[in-house]
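If you use the numbering used here, the sequence shown corresponds to residues 284 to 488, in order.
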Amino acid sequence: MTYFGTNIKKIRQIKGLSQQAFAEMLDLNRGVISSYEEGRAEPKIETLLRIATLLDLTTDELISKPITINKITNFNHIEDFISKQSNDNSLIKEINSDESIKPIDLQKILAEVNCVFTIDDKVAKESIYSKGNILLLSTNLDKNEKNFSYLVIDKVNGKRILDFFEEDKESYKIVGVIQTSQNISLISSILNRLELIESKLDLRK
């Protein structure tokens, strides 16, 4: 067992970054960051070296001991990266009621989003969503909340969209939807591209 997952989680949280924002900074996907932080996976050596270089740390500092808060607060290049993103003309902008246009902070808007799900054929047939729509999901569940729908998953019925959730079943609150005509899974696409990149790196050894 290494301290890698604990360390990158501490770095991310102290810098106020969501898993998605941190993943984009490291050119990874959110699911990979989540698996590292939860100890379900360890990075390949190429990934470890790349992350250590970007964070200006040695691989030994990343994996063999808990990183100190003082060390993290000196990561000025993380702020530089975030600042560069904030000034990027490609950022999404918000059109306001007074017709002014300004950049929006997607990190704040998506703060409650823990994962996404791309609607497949089965769910599309049994819900108001179309195939390819991307659901923005949260694991923050509260039975007292009203006017929410849920993606509920169980072994018997599979994936369903319901107006309620059961505590003994895997459930996610739907907090938003991205309507798209894409017919491929967003997550599958990202994972496939990641696997392709890593396989190419393996071939170079």
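Every residue, glycine too, gets a C-beta built ideally from N, C-alpha and C.
Given the structure is predicted, the values throughout are model-derived calculations rather than measurements.
What separation, rounded to the nearest whole angstrom, lies between the Cα atoms of residue i and residue j?
i	j	result
residue 444	residue 427	18 Å
residue 467	residue 416	Per-residue confidence for residue 467 stands at a pLDDT of 45, beneath the threshold of 50, marking its modelled position as unreliable; the derived number appears in the next sentence. Approximately 10 Å between the Cα atoms of the pair.
residue 436	residue 303	23 Å
residue 299	residue 411	35 Å
residue 348	residue 297	17 Å
residue 307	residue 423	23 Å
residue 440	residue 413	19 Å
residue 438	residue 452	9 Å
Residue i: buried (16+ other C-beta within 10 angstroms of its C-beta) or exposed?
i	result
residue 394	exposed
residue 253	An answer regarding residue 253 cannot be provided, because it is not within the stretch 284 to 488 covered by the chain.
residue 332	exposed
residue 341	exposed
To which residues of the same chain is residue i closer than 8 Å at the C-beta, ignoring the five residues directly before and after it?
i	result
residue 419	393, 396, 399, 457, 458, 459, 460 and 461
Following the continuous alpha helix (DSSP H) through residue i, name the residue where it begins and the one where it ends.
i	result
residue 301	No alpha helix (DSSP H) holds residue 301; DSSP gives it neither H nor E.
residue 444	Premise fails: residue 444 lies in the beta strand (DSSP E), 441-445, not in any alpha helix (DSSP H).
residue 317	313-320
Leaving aside the five residues before and after residue i along the sequence, list all residues of the same chain whose C-beta is less than 6 Å from its C-beta, in chain order.
i	result
residue 322	288
residue 285	346
So the beta strand (DSSP E) residue i belongs to, where does it begin and stop?
i	result
residue 459	453-461
Give, in chain order, every unbroken run of the beta strand (DSSP E) that is at least 3 residues long and sits entirely within the stretch 401-449. Within the stretch 401-449, the runs of beta strand (DSSP E) that reach at least 3 residues and sit entirely inside it are, in chain order, 417-421, 433-437 and 441-445.
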